[in-house]
Amino acid sequence: METNTEHKFRDYEAEARDTVKTFYRLNHTHQTLDFVKAKKADYLALNRREMGIWEAMEFLNELIDDSDPDGDFTQIEHLLMTSEAIRKDGHPDWFVLTGLIHDLGKILCLFGEPQWAVVGDTFATGCKYSEKCVYPEFFALNPDSQVPEYQTEYGIYEPETGLDNVHLSWGHDEYLYHVVKDHLPDEALYMIRYHSFYPWHNEGAYTHLTNAKDRQHLTDVLMFNRYDLYTKTDERPDVEALKPYYLELINQFFPAKLRW
Ligand code: FE
Ligand code: FE
Numbered sequence: 016m017e018t019n020t021e022h023k024f025r026d027y028e029a030e031a032r033d034t035v036k037t038f039y040r041l042n043h044t045h046q047t048l049d050f051v052k053a054k055k056a057d058y059l060a061l062n063r064r065e066m067g068i069w070e071a072m073e074f075l076n077e078l079i080d081d082s083d084p085d086g087d088f089t090q091i092e093h094l095l096m097t098s099e100a101i102r103k104d105g106h107p108d109w110f111v112l113t114g115l116i117h118d119l120g121k122i123l124c125l126f127g128e129p130q131w132a133v134v135g136d137t138f139a140t141g142c143k144y145s146e147k148c149v150y151p152e153f154f155a156l157n158p159d160s161q162v163p164e165y166q167t168e169y170g171i172y173e174p175e176t177g178l179d180n181v182h183l184s185w186g187h188d189e190y191l192y193h194v195v196k197d198h199l200p201d202e203a204l205y206m207i208r209y210h211s212f213y214p215w216h217n218e219g220a221y222t223h224l225t226n227a228k229d230r231q232h233l234t235d236v237l238m239f240n241r242y243d244l245y246t247k248t249d250e251r252p253d254v255e256a257l258k259p260y261y262l263e264l265i266n267q268f269f270p271a272k273l274r275w
C-alpha cells in the first residue's frame with residue numbers, strides 16, 4: 016500500500032485538474048450576457064422560498080459538492096470555519112457574520128442549477144474577455160465572442176461605470192448579495208458580491224470598469240479572501256456548540272425570514 020501512495024496521489028491530481036478544466040470549459044462556453052440577464056430576471060425575483068439564515072445553512076448542507084477539492088468538510092463546516100477564523104482575529108460582528116453566510120448562494124445548486132452556473136471564478140460579460148481569467152482559451156467557445164459589440168475593451172459599458180453596472184457571470188455571489196443587501200454594511204456586501212471575482216481582486220483585471228467606490232472596497236474583498244481558504248488539516252468545528260452564538264449574531268442583523 017505504502018508504495019502506491021504517491022502514484023495514487025498523482026492520479027488524483029490529474030483527475031482533479033481535468034475536472035476543473037471541464038468545469039471552466041462549460042462555464043466559459045455557456046455564460047453569455049443573455050444567460051446572465053435571464054438568470055437575474057428569474058432568481059432576483061426572490062420568489063422561491065422564505066428562510067432564515069440558519070435554515071438556509073441547513074438547507075445548503077444537503078449539497079454534496081463532488082468537485083470541491085475541500086470536500087472533506089460539509090457546507091456548514093466551511094461556513095463556520097470561515098467565520099470562526101474571522102472571529103478569532105477580533106474582527107467586527109458584521110465581518111464574522113459575512114464569513115458565516117458568504118456561500119449561502121450555493122443553494123442555487125439545490126434549485127437545479129449546474130455547477131458552472133453557481134461556483135468558480137466570475138468574469139465580466141458584455142465586454143472583452145480578460146486573459147487574466149482561468150483558461151481564457153475557452154472563451155472562444157462562447158457565442159458572445161462572435162459579437163463585435165461585446166468584444167471591445169468597454170463593450171456595452173461606459174468607462175469606470177462601476178461594478179454594480181457590470182453583468183458578471185452568474186453565480187452564488189450575485190444571488191446572495193441580492194438576498195442580504197438591505198441588512199449589511201457596504202464592506203460586507205462587497206465581500207459577498209465579489210469574493211469569486213478573482214480576475215479583479217487577485218489579478219488586477221477589469222479596473223477600467225471600476226469606479227472610485229469599487230477601488231475603495233477592493234481591500235475589503237482581499238481582506239475577506241484570506242479567510243475563505245483553508246487546508247485539510249484545519250479542525251472540524253463543533254456545529255452544535257457554536258450554534259447559540261451564531262443564532263444571536265444572525266438575530267442582530269437579519270429578520271426571522273428572508274426571501275430567496
Ligand atoms: Fe464562494
Ligand atoms: Fe467559501
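Numbering (this note's numbering), first residue to last: 16 to 275.
In this text, a Cβ means the ideal position worked out from N, Cα and C, and glycines have one as well.
Note that this is a predicted model, so its numbers are computed, not measured.
Please tell me whether residue i and residue j are closer than 8 angstroms, where the distance is taken between their beta carbons.
i    : j    : result
G135 : G186 : yes
T37  : P158 : no
W109 : F239 : no
E73  : K272 : no
H182 : K103 : no
K121 : V133 : yes
G114 : Y213 : no
V195 : L61  : no
L112 : L237 : no
I79  : V254 : no
W69  : L204 : no
Taking the alpha-carbon positions, what's the residue i to residue j distance?
i    : j    : result
L119 : A220 : 26 angstroms
D197 : A29  : 43 angstroms
M206 : I116 : 11 angstroms
L95  : E77  : 16 angstroms
K258 : R251 : 14 angstroms
N19  : F126 : Any reading at N19 must be qualified, since the residue scores a pLDDT of 42, below 50, and its modelled position is unreliable; the value itself is stated next. The straight-line gap from Cα to Cα measures roughly 40 angstroms.
M16  : T89  : In this prediction, M16 has a pLDDT of 35, which is less than 50 and means its spatial position is unreliable; nothing more can be read from the coordinates.
R63  : R274 : 8 angstroms
L178 : Y192 : 13 angstroms
F153 : E218 : 18 angstroms
E168 : A139 : 11 angstroms
S160 : Q166 : 7 angstroms
V35  : Y144 : 19 angstroms
L244 : H45  : 27 angstroms
C124 : K54  : 13 angstroms
Quick one: measure Cβ to Cβ for residue i and residue j, integer angstroms, because I've assumed they're closer than 8 angstroms.
i    : j    : result
S211 : D229 : Wrong, their Cβ atoms sit about 15 angstroms apart, outside the cutoff.
Y172 : G141 : 7 angstroms
T176 : L233 : Contact flag wrong, Cβ pair sits at about 16 angstroms.
Y150 : H43  : 7 angstroms
L41  : W131 : 4 angstroms
Is it buried or exposed for residue i, if we count other Cβ within 10 angstroms and need 16 for buried?
i    : result
G170 : buried
T222 : exposed
D235 : buried
L59  : exposed
A155 : exposed
R32  : exposed
E128 : buried
A256 : exposed
E99  : buried
For the alpha helix (DSSP H) containing residue i, list its first residue and its last residue.
i    : result
E56  : The residue asked about is misnamed: residue 56 is Ala in this sequence, not Glu. Run containing A56: L48 to Y58, per the alpha helix (DSSP H) assignment.
H106 : Segment: none, H106 is in no alpha helix (DSSP H) and carries neither H nor E.
A71  : I68 to L75
A203 : D201 to Y209
T222 : No alpha helix (DSSP H) holds T222; DSSP gives it neither H nor E.
N240 : A227 to N240
P259 : V254 to F268
Y190 : H187 to V195
Y169 : Segment: none, Y169 is in no alpha helix (DSSP H) and carries neither H nor E.
H216 : Y213 to H216
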